[in-house]
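This report refers to the structure that appears directly beneath it.
Residue numbers (my numbering), protein chains in the order written: chain A, 1 to 385; chain B, 386 to 770.
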């Protein structure tokens, strides 16, 4: 084993004796801490942000780039030092453009025989194949992929908190040294992200669906705007801006990403093309129920996306209020709910004209049910869950 | 002429004598004011919001809906009265579901022979054809289309400021009475929106590009998620959320919209399908330059979308700063720019290692150039535009 891993007490600090490639884990096993020094290769948006995050947690960090001015800008913004790293780096984070990841990982494994090597690129099978083909010992290489980014690029867009609360795929393999995997999980933890374990091919299919296909679809939709007369674009609303925002991303970067995942992506693109064919046929045949079925599948897809921080979407609950059949009653109810700082998500009225009272069902976020009921009862409404 | 229009002084208020179907325009001609009463037919998101906007500017407004409870909710939220409107309504705003717009316009033209009639639906050729086929005098009908909305629907999502700063297409025709057009422009103004004049077919092609095609593409992309195993969705980032957000819209509503614009939309869908075919071929042939060209067209499309409030995208300007070749100089420059509350959008360094000074080019918003130069000079930097 080329690096060490030990347990210290929860209050302990990483053991440091100059032999630095180590991860320390507290007694509970839940809070791995990363030692140092760490070298980040590539000082673009992701690399500079990783280096800033590590530096901000006190890890000795070095950053390099093919263009030393880019590394210098990153270092000046708090990404550590852009000087020559010591020989005892314990972790190399490869954050180069996608096409260079495989060769950069091989170089890092060779140059730092005591270090764990990971990368942050968004495709995992291709660089792994390149590493394996190079004939080096790949057990110290564990692929990674932080799910954060921006349509901006370069070190000026970087931020130490870019990964806070984000998912970060850790793509371990059977031939990985378990301590190397632990080191990469410690990196994820140090950057404030949440590790998501995935197998190589599963990861590439998942990001094809959640990232690469949406990017290409956004580019094609934006392309339809590039061909439009300018007066048509005056009608652009928020929808088209949302759908096309990511299409502003760097074409050279995205060319490399989609080519690296070409085969997986082609299958999904063909699915979308089949969907378009079905839509065109349905529109031509004025087949409303077929169109609606496609739209309904889309609604189901948006509902399947987990909540922003990886949790489930906000659950709603219903509060039922009895309401007198008199002018202004509903308005008074809305005002009272508003005073209680409760956001009404949806509402239904159940009113039999023969009765003096109707029932109003108010949908609110689950955690607002109790405050709403309390506030309404304090204002003499009959409210219950 | 069935309604009046007159000019009053800029300080004047709408003339009111009980004969109410009128628009008043100030002496400069730039600030049309709408009289009343106005009837809004359909109390969903858009109808209720129009009625709330009119009510908030003091216009006597009535709101109706097939479901009187929906109208009652809207009225209770500030959308005017849900009682029977008087005979002298000057303007009827049809805000029914798309399939019902044509017949609702015909009913309004017939029921209120002294009123201008407009609608807010997102397709214009189909309802116009229905109105013309009904044999009524269509000169009092001027189509409209506010570019605002939400993936939410119904009166609970409505807001008086939904249209503030938004574009609102006014689709006049040669056979429209000019005073009717003026009345609809006054409605747009009263709602805080900006009128955009468009011809019928041109409008429908424009919204096919900027709204209907993006919706269908978002639905197909979200559909690919609906078929994915749940573990793949853990990797969902902001990009897929943005691309698919509008796909959460009401399928019954959107079915009507896309079917009403079916032929125009089919042409655009076929363009996207051709783009997918080209992408699949390029990926299969590992043809990076072809992939990049498609992505580059997408970038051009995103850049073509005008700024949020209809203006051009934020223009950037470059400030050049001479910087000494010494440790910490860049960091000090960033800190000083930050203190000046100026956001650095991009940055390039031009440094000849043989010289003691380099040049840093800083891109900032046009209106931040002067404050940045002033702040940097006060801190002894040599900075110029």
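Glycine included, C-beta positions come from ideal geometry on N, C-alpha and C. What you are looking at is a predicted structure, and each value in this text was computed from that prediction instead of being measured.
Inset, instruction - Please look up how many angstroms separate the CB atoms of residue 502 of chain B and residue 486 of chain B, rounded, as I've assumed it's under 8 Å. - result: In the second chain, the residue the question calls residue 502 of chain B occupies position 117. In the second chain, the residue the question calls residue 486 of chain B occupies position 101. Contact flag wrong, Cβ pair sits at about 11 Å.
Legend entry - Short CB-CB distance (under 7 Å) between residue 597 of chain B and chain A: The residue labelled residue 597 of chain B in the question sits at position 212 within the second chain. No, because no Cβ of chain A sits closer than 7 Å to the Cβ of residue 597 of chain B.
Legend entry - residue 584 of chain B versus A:174, A:182, A:232, residue with shortest Cα-Cα distance: As a working note, residue 584 of chain B is residue 199 in the second chain. When each option's Cα is compared against that of residue 584 of chain B, the closest is A:232.
Legend entry - Any C-beta of chain A under 7 Å from that of residue 677 of chain B: Working through the second chain from its first residue, we reach residue 677 of chain B at position 292. Yes, residue 677 of chain B counts as interfacial toward chain A.
Inset, instruction - With 7 Å as the limit, tell me which residues of the segment 232 to 262 of chain A have their beta carbon closer than that to any beta carbon of chain B; keep them in chain order. - result: 232, 233, 234, 235, 236, 237, 239, 240, 241, 242, 243, 244, 245, 246, 247, 248, 251, 252, 254, 255, 258, 259, 262
Legend entry - Residues near residue 265 of chain A in its chain [Cβ-Cβ closer than 8 Å; skip 5 each side]: Against the first chain, residue 265 of chain A aligns to sequence position 265. Here the set comprises 208, 212, 213, 216, 258.
Inset, instruction - State the DSSP-derived secondary structure class of residue 381 of chain A, mapped to helix, strand or coil. - result: If you number the first chain from 1, residue 381 of chain A lands on position 381. Three-state DSSP puts residue 381 of chain A in coil, outside helix and strand.
Inset, instruction - Please specify which runs of the alpha helix (DSSP H), each continuous and at least 4 residues long, are wholly inside the segment 132 to 219 of chain A, giving them in chain order. - result: 178 to 190, 200 to 207
Legend entry - Reduced DSSP secondary structure (H/G/I, E/B, other) of residue 82 of chain A: For the purposes of this step, residue 82 of chain A is identified with residue 82 of the first chain, where counting begins at 1. Correct three-state label for residue 82 of chain A: coil.
Legend entry - Element boundaries [beta strand (DSSP E), containing residue 449 of chain B]: Locating residue 449 of chain B in the second chain gives position 64, where the first residue counts as 1. Run containing residue 449 of chain B: 446 to 449, per the beta strand (DSSP E) assignment.
Legend entry - Endpoints, the beta strand (DSSP E) within which residue 703 of chain B is located: Here residue 703 of chain B refers to the residue found at position 318 of the second chain. Counting along the chain, the beta strand (DSSP E) containing residue 703 of chain B begins and ends at 701 to 709.
Legend entry - Strand pairing of residue 657 of chain B, partner residues [DSSP]: Locating residue 657 of chain B in the second chain gives position 272, where the first residue counts as 1. Residue 657 of chain B pairs with nothing; no bridge assigned.
Inset, instruction - Inspect the CB distances between the segment 571 to 582 of chain B and the segment 465 to 475 of chain B and report whether three or more fall short of 8 Å. - result: no
Legend entry - Three-state secondary structure (DSSP) of residue 472 of chain B: Here the question's residue 472 of chain B lines up with position 87 in the second chain. Residue state, collapsed to three classes: coil.
Inset, instruction - Just the C-alpha distance for residue 189 of chain A and residue 148 of chain A, rounded to the nearest angstrom, thanks. - result: Within the first chain, residue 189 of chain A is the residue found at index 189, counting from 1. Within the first chain, residue 148 of chain A is the residue found at index 148, counting from 1. About 15 Å.
Inset, instruction - Hey, could you find the ends of the beta strand (DSSP E) residue 424 of chain B is sitting in? - result: Reading the second chain from its first residue, position 39 is the one you call residue 424 of chain B. That run of the beta strand (DSSP E) goes 423 to 426.
Legend entry - Spatial distance of residue 686 of chain B from residue 226 of chain A (CA atoms): Residue numbering aside, residue 686 of chain B sits at position 301 when the second chain is read from its first letter. Residue numbering aside, residue 226 of chain A sits at position 226 when the first chain is read from its first letter. Using only the alpha carbons, I get a separation of about 4 Å.
Inset, instruction - Between the Cα of residue 237 of chain A and those of B:507, B:438, B:622, spot the shortest distance and give me the residue it belongs to. - result: Within the first chain, residue 237 of chain A is the residue found at index 237, counting from 1. Cα-wise, what sits closest to residue 237 of chain A is B:507.
Inset, instruction - Mind checking which residues open and close the beta strand (DSSP E) that includes residue 721 of chain B? - result: Looking up residue 721 of chain B in the second chain gives position 336. Where residue 721 of chain B is concerned, there is no enclosing beta strand (DSSP E), although the alpha helix (DSSP H) it sits in stretches over 714 to 724.
Inset, instruction - Pull up the distance between the alpha-carbon of residue 720 of chain B and that of residue 760 of chain B, whole angstroms please. - result: The residue you call residue 720 of chain B lines up with position 335 of the second chain. The residue you call residue 760 of chain B lines up with position 375 of the second chain. Between residue 720 of chain B and residue 760 of chain B, the C-alpha separation is close to 11 Å.
Legend entry - For residue 428 of chain B and residue 526 of chain B, the rounded distance between their alpha carbons: As a first step, residue 526 of chain B is located in the second chain; it is residue number 141 there, counting from the start. As a first step, residue 428 of chain B is located in the second chain; it is residue number 43 there, counting from the start. Answer to the nearest angstrom: the Cα atoms are 20 Å apart.
Legend entry - Cβ-based burial, residue 439 of chain B [other Cβ within 10 Å; buried from 16]: Within the second chain, numbered from 1, the residue matching residue 439 of chain B stands at position 54. Buried, by the Cβ-count rule.
Inset, instruction - Express the C-alpha separation of residue 586 of chain B and residue 653 of chain B in angstroms, rounding to a whole number. - result: Numbered from its first residue, the second chain carries residue 653 of chain B at position 268. Numbered from its first residue, the second chain carries residue 586 of chain B at position 201. Computed Cα separation, rounded: 15 Å.
Legend entry - Alpha-carbon to alpha-carbon, residue 445 of chain B and residue 725 of chain B: Position 340 of the second chain, counted from the start, is the residue given in the question as residue 725 of chain B. Position 60 of the second chain, counted from the start, is the residue given in the question as residue 445 of chain B. Computed Cα separation, rounded: 49 Å.
Legend entry - Straight-line Cα distance separating residue 186 of chain A from residue 109 of chain A: Counting from 1 along the first chain, the entry for residue 109 of chain A is found at position 109. Counting from 1 along the first chain, the entry for residue 186 of chain A is found at position 186. Each residue's Cα considered, the two are about 19 Å apart.
Inset, instruction - Answer yes or no: do residue 432 of chain B and residue 425 of chain B have a C-beta to C-beta separation smaller than 7 Å? - result: Reading the second chain from its first residue, position 47 is the one you call residue 432 of chain B. Reading the second chain from its first residue, position 40 is the one you call residue 425 of chain B. Contact: yes.
Inset, instruction - State yes or no: is the C-beta of residue 170 of chain A within less than 7 Å of the C-beta of residue 154 of chain A? - result: Position 170 of the first chain, counted from the start, is the residue given in the question as residue 170 of chain A. Position 154 of the first chain, counted from the start, is the residue given in the question as residue 154 of chain A. No, these two residues do not count as a Cβ contact at 7 Å.
Legend entry - Residues near residue 387 of chain A in its chain [Cβ-Cβ closer than 7 Å; skip 5 each side]: Limits of chain A in this structure are 1 at one end and 385 at the other, which puts residue 387 of chain A out of reach.
Inset, instruction - Would you mind telling me which residues of chain A sit closer than 8 Å to residue 771 of chain B, beta carbon to beta carbon, in chain order? - result: Any answer about residue 771 of chain B is impossible in this case: the structure gives chain B only from 386 up to 770.
Inset, instruction - Have a look at the DSSP bridge pairing and note the partners of residue 119 of chain A. - result: Locating residue 119 of chain A in the first chain gives position 119, counting from the first residue. Answer by DSSP bridge pairing, in chain order: A:94.
Inset, instruction - Please compile the residues from chain B whose C-beta is within a distance smaller than 9 Å of the C-beta of residue 299 of chain A. - result: Taking the first residue of the first chain as position 1, residue 299 of chain A is located at position 299. By Cβ distance, chain B contributes 604, 607, 611, 632, 633, 634, 635, 636.
Legend entry - Beta-ladder partner(s) of residue 246 of chain A, from DSSP: Numbered from 1 along the first chain, position 246 holds the residue referred to as residue 246 of chain A. For residue 246 of chain A, which the question treats as bridged, DSSP gives no partner whatsoever.
Legend entry - Per-residue contacts from residue 304 of chain A into chain B (C-beta, under 7 Å): Stepping through the first chain from its first residue, residue 304 of chain A is reached at position 304. Ordered by position in chain B, the residues that pass the 7 Å Cβ test against residue 304 of chain A are 610, 611, 618.
Inset, instruction - Along the alpha helix (DSSP H) that carries residue 306 of chain A, what are the first and last residues, could you check? - result: Translated into the one-based positions of the first chain, residue 306 of chain A becomes position 306. Element bounds for residue 306 of chain A: n/a, residue is neither H nor E.
Inset, instruction - Look up residue 435 of chain B in the DSSP assignment and say whether it is helix, strand or coil. - result: As a working note, residue 435 of chain B is residue 50 in the second chain. Helix at residue 435 of chain B.
Inset, instruction - Taking only the alpha-carbon atoms, compute the straight-line gap between residue 381 of chain A and residue 464 of chain B and give it to the nearest angstrom. - result: Here residue 381 of chain A refers to the residue found at position 381 when the first chain is read from its first residue. Here residue 464 of chain B refers to the residue found at position 79 when the second chain is read from its first residue. So the alpha carbons of these two residues sit roughly 24 Å apart.
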